[in-house]
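Enquirer:
In the UniProt record's numbering, the protein residues as written are 1 to 131.
Following this line, the structure appears as structure tokens:
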């Protein structure tokens, strides 16, 4: 069982997937910082200083030491913007990769040079055609 697990874990696809997940998590942090620190402040400025990350609808106010019950729609808006940015970047990456693949496929391979035997046979054929 350990041998089978080792074969599974060391396969290229599993390792590639693990690297993709790790890079994806790091990329997620970058996108979150981009949204929270770069994109949302100007949007908040345009909306009169509104900070979306702290926006919420209070359903029940805090009382007697119990925390308030609220719908944090601002955090949801930030997460939706995160998702849209990640999806757009992935779209651009895939589009770029696909265009590179199309260029490789479009370049026709040069026909192989004829072998010495083919050249000799072609010359013999041409000589026989002249007779």
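Even glycine gets a Cβ: it sits at the ideal position worked out from N, Cα and C. Here the structure is a predicted model, which means the values were calculated and not measured.
In terms of DSSP beta bridges, what is residue 69 paired with?
Expert: 60
Enquirer: Does the pairing of the stretch 45 to 57 with the stretch 69 to 85 give three or more beta-carbon distances under 8 Å?
Expert: yes
Enquirer: Nearest to residue 90 by CA position, among 11, 10, 6, 31, is which residue?
Expert: Selection 11, 10, 6, 31 evaluated against residue 90 yields 31 as nearest (Cα-Cα).
Enquirer: With DSSP as the reference, label residue 51 as helix, strand or coil.
Expert: Of the three classes helix, strand and coil, the one that applies to residue 51 here is coil, per DSSP.
Enquirer: Please return the same chain residues whose Cβ sits closer than 7 Å to the Cβ of residue 8, not counting the five positions on each side in sequence.
Expert: 14
Enquirer: Rounding to the nearest angstrom, what Cα-Cα distance links residue 111 and residue 3 in this structure?
Expert: In this structure, the straight-line span from the alpha carbon of residue 111 to that of residue 3 is close to 47 Å.
Enquirer: Answer with buried or exposed for residue 40, where buried requires no fewer than 16 other C-beta atoms within 10 angstroms of its C-beta.
Expert: buried
Enquirer: Less than 7 Å between the beta carbons of residue 78 and residue 53, yes or no?
Expert: yes
Enquirer: Rounded to whole angstroms, what's the CA-CA distance from residue 22 to residue 86? Just pull it up for me.
Expert: 15 Å
Enquirer: Take residue 35 as the anchor and find which of 81, 103, 67, 19 has the nearest alpha-carbon.
Expert: For residue 35, the nearest C-alpha among the options comes from 81.
Enquirer: Would you report the Cα separation of residue 67 and residue 61, rounded to the nearest angstrom?
Expert: 8 Å
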